[in-house]
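Following: one structure in structure tokens, then a few remarks.
In this note's numbering, the protein residues as written are 85 to 479.
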């Protein structure tokens, strides 16, 4: 039914002299997304528009589903192409379109034409009137409403002529890769996949680190995190997932440090390791799924203690969000059902019964001194034995 798609974008339009860089990035992301769809496609930009044209048979629903995972797209318009570039062919195709797409014709409509090709013999205003009159003559049940129509029929006369009337929402945001790279601390919970998705939506390329604690956490817990990374990768593109064996470090903390400080000290060493890999991979920031006050390790005092060990920015896109808001996004991006699978991660296994909620940096540093004899060797071993997985949505 449809031969092409008009891709609408939002913020990219106000990027001034750098606009073409963002458009080019969006075109690349669209091409990458369509590799998973059966068929051959041509994606190109022209005069402030981006088009996807089918060069072979394809499933429109599959194309739309793929495009709805491309950050930077705010709207997807399925289009019919007029095979002959003349006015009579355009009129005939418009009538055919209105008949096939809208079997119920008890609706209001408006025609809006745009003649980019000034060599076309009929101007935009004339086409608006003529095509509207032709629709009313052929299908008198339609009614014109120029202010608030149920159907806005758009006609674009360019190198070719396109007809469309529906705009399917896209995810918005910016194309992945235009805003640098960051390292996500990815657990098996609800929050961190959402944090990764939200940061990727702003054009950031996401890598991830997961802290595994065998035998206290199972291979199923690890697979759960891999599956979550796949869900995020459907939007963010391939993700390098660093799987760190954290058991020995956690056991040392448990043995030598005050138990009410376990979570804070554990988080500090996680941040140190995550930052190591971030710097090695030329990332500019860390990402966490923390939200103020959600748990004891996410009070203002605790977050300050965590950040004390970091030398690069820490992005917390969920910081002021309620849990119900986070869950809504996780359901939207299809991570929720995976996140709630009952496989424990290392954070929940080693959590303190009565964690400190107002830790002081000076006290935490003093407690960490108890690890001095062993921690350098344990950190080096954890880094050296880290497995790096290339996670893709379709892997």
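We treat Cβ as the ideally placed atom computed from N, Cα and C, and that holds for glycine.
| task | Alpha carbon to alpha carbon, how far is residue 327 from residue 295? Give it in angstroms, no decimals. | result | 6 Å
| said: Here's the rule: buried if 16 or more other CB atoms are within 10 angstroms of the residue's CB, otherwise exposed. What is residue 221? | reply: exposed
| said: Checking 8 Å against the spacing of the C-beta atoms, do residue 259 and residue 110 come in under that value? | reply: yes
| field | For residue 329, three-class secondary structure by DSSP | value | strand
| request: Determine the DSSP secondary structure at residue 138, reduced to helix, strand or coil. | output: strand
| According to DSSP, is residue 167 helix, strand or coil? | coil
| message | Nearest by alpha-carbon distance to residue 58: which of 223, 156, 128, 282 is it? | response | Past the edges of the chain, shown from 85 to 479, lies residue 58, and the structure says nothing about it.
| field | Beta-carbon proximity check, residue 255 vs residue 285, cutoff 8 Å | value | yes
| request: Would you mind sorting residue 407 into buried or exposed? The rule is 16 or more other CB atoms within 10 Å of its CB. | output: exposed
| query | When we look at the beta-carbon of residue 469 and count the other beta-carbons within 10 Å, is it buried (16 or more) or exposed? | reply | exposed
| request: Under the assumption that residue 196 contacts residue 235 (Cβ atoms under 8 Å), give the Cβ distance between them as a whole number of angstroms. | output: Not confirmed; about 11 Å, so no contact.
| field | From 467, 185, 112, 121, residue whose alpha carbon lies closest to that of residue 332 | value | 467
| task | Using three-state DSSP, classify residue 474 as helix, strand or coil. | result | strand
| said: One question on the structure: do residue 266 and residue 283 come within less than 8 Å of each other, judged by their Cβ atoms? | reply: yes
| The alpha helix (DSSP H) enclosing residue 39, as first and last residue numbers | No answer is possible for residue 39: the residues shown for the chain start at 85 and end at 479.
| query | Is the segment 393-403 close to the segment 363-376, with three or more CB pairs under 8 Å? | reply | yes
| query | Between the beta-carbon of residue 445 and the beta-carbon of residue 392, is there less than 8 Å? | reply | yes
| query | Where do the ends of the beta strand (DSSP E) carrying residue 371 lie? | reply | 369-371
| query | What number of angstroms, rounded off, separates the C-alpha of residue 367 from the C-alpha of residue 114? | reply | 24 Å
| said: Less than 8 Å between the beta carbons of residue 201 and residue 149, yes or no? | reply: no
| Span of the alpha helix (DSSP H) holding residue 356? | 346-364
| query | Exposed or buried, residue 128, counting other C-beta atoms within 10 Å across all chains shown (16 or more means buried)? | reply | exposed
| field | 8 Å Cβ shell around residue 198 - same chain, five flanking residues per side excluded | value | 208, 238, 239, 240, 241
| request: Measuring alpha carbon to alpha carbon, tell me which of 194, 231, 206 ends up nearest residue 216. | output: 194
| So what does residue 266 bridge to, in DSSP terms? | 290, 369
| said: My assumption, with CB atoms under 8 Å, is that residue 320 sits in contact with residue 272. Please give the rounded CB distance. | reply: Rounded, the Cβ-Cβ distance is 18 Å, inconsistent with contact.
| message | Per the DSSP calculation, residue 223 is bridged to which residue(s)? | response | Answer is none; residue 223 lacks a bridge partner.
| field | Spatial distance of residue 212 from residue 174 (CA atoms) | value | 12 Å
| field | Validate contact between the segment 307-325 and the segment 345-358 using beta carbons, cut 8 Å, 3 pairs | value | no
| query | Just the Cα atoms here: how many angstroms apart are residue 439 and residue 153? | reply | 40 Å
| Would you say residue 391 faces chain C, with C-beta separation under 8 Å as the test? | This model lacks chain C altogether, as it is built from one protein chain only.
| field | For residue 255, three-class secondary structure by DSSP | value | coil
| said: Residues in the same chain with beta-carbon distance under 8 Å from residue 451, minus the five sequence neighbours each way, listed in chain order, please. | reply: 341, 342, 345, 349
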